[in-house]
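Read the structure below first, then the notes.
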Amino acid sequence: MPVTDPTRPDAPPATLDVARVRAEFPILAETINGRPLAYLDNAATGQKPRATIDAVRRYYETTNANVHRGVHSLSVAATDAYEGARDRVRRFLGAADIREIIFTRGTTESINLVAQAYGRPRLGPGDEILITHLEHHSNIVPWQLLCEQTGATLRVLPIDDRGALVVDRLDDLLTERTRIVAVGHVSNALGTVNPIDAIIERARAAGAVTVIDGAQAAPHGPVDVQELGCDFYALSAHKMFGPTGVGVLYGRRDLLEAMPPYQGGGEMIKSVTFDGTVYNALPHKFEAGTPNIAGVVGLGATIEYLESLGWDAIEAHERHLLDDATEKLGTLPGVRLIGTAPEKIAVVSFVVEGIHPHDVGTILDHEGVAIRTGHHCAQPVMDFFDVPATARASFALYNTTDEIDALVQGLQRVMEVFG
Ligand code: 7TS
Numbered sequence: 000m001p002v003t004d005p006t007r008p009d010a011p012p013a014t015l016d017v018a019r020v021r022a023e024f025p026i027l028a029e030t031i032n033g034r035p036l037a038y039l040d041n042a043a044t045g046q047k048p049r050a051t052i053d054a055v056r057r058y059y060e061t062t063n064a065n066v067h068r069g070v071h072s073l074s075v076a077a078t079d080a081y082e083g084a085r086d087r088v089r090r091f092l093g094a095a096d097i098r099e100i101i102f103t104r105g106t107t108e109s110i111n112l113v114a115q116a117y118g119r120p121r122l123g124p125g126d127e128i129l130i131t132h133l134e135h136h137s138n139i140v141p142w143q144l145l146c147e148q149t150g151a152t153l154r155v156l157p158i159d160d161r162g163a164l165v166v167d168r169l170d171d172l173l174t175e176r177t178r179i180v181a182v183g184h185v186s187n188a189l190g191t192v193n194p195i196d197a198i199i200e201r202a203r204a205a206g207a208v209t210v211i212d213g214a215q216a217a218p219h220g221p222v223d224v225q226e227l228g229c230d231f232y233a234l235s236a237h238k239m240f241g242p243t244g245v246g247v248l249y250g251r252r253d254l255l256e257a258m259p260p261y262q263g264g265g266e267m268i269k270s271v272t273f274d275g276t277v278y279n280a281l282p283h284k285f286e287a288g289t290p291n292i293a294g295v296v297g298l299g300a301t302i303e304y305l306e307s308l309g310w311d312a313i314e315a316h317e318r319h320l321l322d323d324a325t326e327k328l329g330t331l332p333g334v335r336l337i338g339t340a341p342e343k344i345a346v347v348s349f350v351v352e353g354i355h356p357h358d359v360g361t362i363l364d365h366e367g368v369a370i371r372t373g374h375h376c377a378q379p380v381m382d383f384f385d386v387p388a389t390a391r392a393s394f395a396l397y398n399t400t401d402e403i404d405a406l407v408q409g410l411q412r413v414m415e416v417f418g
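Sequential numbering from 0 applies to the sequence shown in numbering that gives the first Met the number 0.
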């Protein structure tokens, strides 16, 4: 549904010129198995706009040097580009202070950093970590490791049969022993948007620290970590159409200041002697070694590009895609949607009666339609719905209803072949 700008009520609704957007993503012009590519695997990784590809190429062609160490011009320019991207990320996340933005390899590393640098020195037997049944393995396994290391206990907030969190269960699962609450903003397997604002509020009132896995939220719009009041927020650049190998950890400054480094090496120190080492200031304390400079610069350019399109227009278009896909797949005989929470974005997970999801994915690939099949690194979700795997179509700003039609036709072909 088109969105109007509340500050300009007479302005026309924000709309996305999808043909123009598509022209900015070179890979979308590829053919796969002789068919036009319909890329519906955006939850796995997003495709890259020319603005990102060009920024990375330009960086290597004109600016490449190591950061934070040289007085020569290129090193200063590389540092400016790297730190400029950090400020752009800060604004995207609504963080108050640039020192609160740590560059990592991705969401996975960001969450492991919090588990090891925040959790490990602080937790002990009897302490509890609360996660949810919807989490990606990246927001489960680091906490299991932490429990093994500290003797803490993992608790799990359940979901209902639509794939929505049963928030009422916080009444008994959130206790005075809960030290960390780690929740995904959006489920990668089902697309459920979790009520993280309410969860954060409850967790804070209980004295727990909150860690939000924003990997599946960031590709769909900015967040405001100050308004949310979360303590940590993690994301991956590659899912939001930026380069691979780059992620972000937002952390509240006072918490980051009090945490020991996650890794040791160059960049993260002020001085080193054999008697001891003085750590560098934030954010460098958590960025040991030469970072992925080109990737960070590419992420900055990606955010700038997305902002130029307008988030309202992107959101409205993606809402339309989800509604269209839900209606078309929901009425297709033999197709069962998995995950029908009232608050959802950008993902349709489903099974086709009597046909293994991998066979569905293979036939669709012959038709040029790229979806993911499997457990989506969210095996507890699959267990809950008693399926080994699902087929998952996931949408992004450049997708079209024609591509959803290609998916539907592909599924009809699947049923002809296997039916
Ligand atoms: N958290 C969520 C919610 C995710 O969806 C993913 C990746 C991760 C964490 C890990 O991100 P990474 O960039 O560190 O690997 N999700 C998926 C997916 O749904 N299909 O492939 C990867």
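From the three backbone atoms N, C-alpha and C, an ideal C-beta is built for every residue, glycine too.
Between which two residues does the alpha helix (DSSP H) harbouring L410 extend?
-> Stepping through the sequence shown from its first residue, residue 410 is reached at position 411. Here the alpha helix (DSSP H) through L410 covers T400 to F417.
Count the other CB atoms, across all protein chains shown, that sit within 10 Å of the CB of V113; report buried if there are 16 or more and exposed otherwise.
-> In the sequence shown, residue 113 corresponds to position 114, counting from 1. Here V113 is buried, its C-beta having at least 16 other C-beta atoms within 10 Å.
Would you list the one or two residues that DSSP bridges to D40?
-> As a working mapping, residue 40 is identified with position 41 in the sequence shown. Per DSSP, S393.
C-alpha distance - D385 paired with R168, whole-angstrom precision | The residue labelled residue 385 in the question sits at position 386 within the sequence shown. The residue labelled residue 168 in the question sits at position 169 within the sequence shown. Going by the C-alpha atoms only, they are around 22 Å apart.
Beta-carbon proximity list for N291, same chain, < 8 Å, skipping 5 on both sides | On the sequence shown, residue 291 is found 292 positions in, with the first residue counted as 1. These residues qualify, in order along the chain: F102, R104, P242, G244 and V245.
How would you call Y59, buried or exposed, if buried means at least 16 neighbouring beta carbons within 10 angstroms?
-> Locating residue 59 in the sequence shown gives position 60, counting from the first residue. So Y59 counts as exposed.
Out of curiosity, what's the CA-to-CA distance linking R121 and L73?
-> Residue numbering aside, residue 121 sits at position 122 when the sequence shown is read from its first letter. Residue numbering aside, residue 73 sits at position 74 when the sequence shown is read from its first letter. Roughly 42 Å separates the two Cα atoms.
Looking at V165 and E194, is the spacing between their C-beta atoms short of 8 Å?
-> Within the sequence shown, the letter at position 195 stands for residue 194. Within the sequence shown, the letter at position 166 stands for residue 165. The sequence given here places Pro at residue 194; Glu does not occur at that position. No; because the gap between Cβ atoms is not below 8 Å, this pair is not in contact.
So does S235 have its beta carbon nearer than 7 Å to some heavy atom of the ligand 7TS?
-> For this step, residue 235 is matched to residue 236 along the sequence shown. Answer for S235: yes, Cβ within range of the ligand 7TS.
Sorted by chain position, which residues of the same chain lie with C-beta nearer than 7 Å to G288's C-beta, five sequence neighbours on each side aside?
-> On the sequence shown, position 289 is the one that residue 288 refers to. The answer, listed in chain order, is G264, G265 and E266.
For R154, which beta-bridge partners are listed by DSSP?
-> Reading the sequence shown from its first residue, position 155 is the one you call residue 154. DSSP output for R154 lists L129 as bridge partner(s).
Assuming V334 contacts L410 under a Cβ cut-off of 8 Å, what Cβ separation, rounded to an integer in Å, is found between them?
-> If you number the sequence shown from 1, residue 334 lands on position 335. If you number the sequence shown from 1, residue 410 lands on position 411. Rounded, the Cβ-Cβ distance is 7 Å, consistent with contact.
Measure the beta-carbon distance from P48 to Y304 and round it to whole angstroms, keeping in mind my assumption that it falls under 8 Å.
-> For this step, residue 48 is matched to residue 49 along the sequence shown. For this step, residue 304 is matched to residue 305 along the sequence shown. A Cβ-Cβ distance of about 5 Å is found for the pair P48 and Y304, placing them in contact under the 8 Å criterion.
Residue range of the alpha helix (DSSP H) that I199 falls in?
-> Locating residue 199 in the sequence shown gives position 200, where the first residue counts as 1. Segment I195 to A204, the alpha helix (DSSP H) holding I199.
Check each candidate in A163, G418 and A188 and name the one with the smallest Cα separation from P387.
-> Here residue 387 corresponds to residue number 388 of the sequence shown, with the count starting at 1. Residue A188 is the option with its Cα nearest to P387.
Flag N111 as yes when its Cβ comes closer than 7 Å to any non-hydrogen atom of the ligand 7TS, and as no otherwise.
-> As a first step, residue 111 must be located in the sequence shown, where it is residue number 112. No, the Cβ of N111 stays beyond 7 Å of every heavy atom of the ligand 7TS.
Contiguous alpha helix (DSSP H) assignments of at least 4 residues, all confined to the region 207-279 = 224-227 and 252-257
For T152, is the beta carbon positioned less than 7 Å from some heavy atom of the ligand 7TS?
-> Translated into the one-based positions of the sequence shown, residue 152 becomes position 153. Flag unset: Cβ of T152 not near the ligand 7TS.
Opposing strand residues paired with H369 [DSSP bridges] | Taking the first residue of the sequence shown as position 1, residue 369 is located at position 370. The question names His, but residue 369 is Ala in the sequence shown. When DSSP reads this structure, A369 sits in a beta bridge with Y38.
Three-way DSSP call (helix, strand, coil) for A163 in this model | Indexing the sequence shown from 1 puts residue 163 at position 164. Residue state, collapsed to three classes: coil.
Proximity test, R68 beta-carbon vs the ligand 7TS heavy atom, cut-off 7 Å | Counted from its first residue, the sequence shown places residue 68 at position 69. Not so, every heavy atom of the ligand 7TS lies at least 7 Å from the Cβ.
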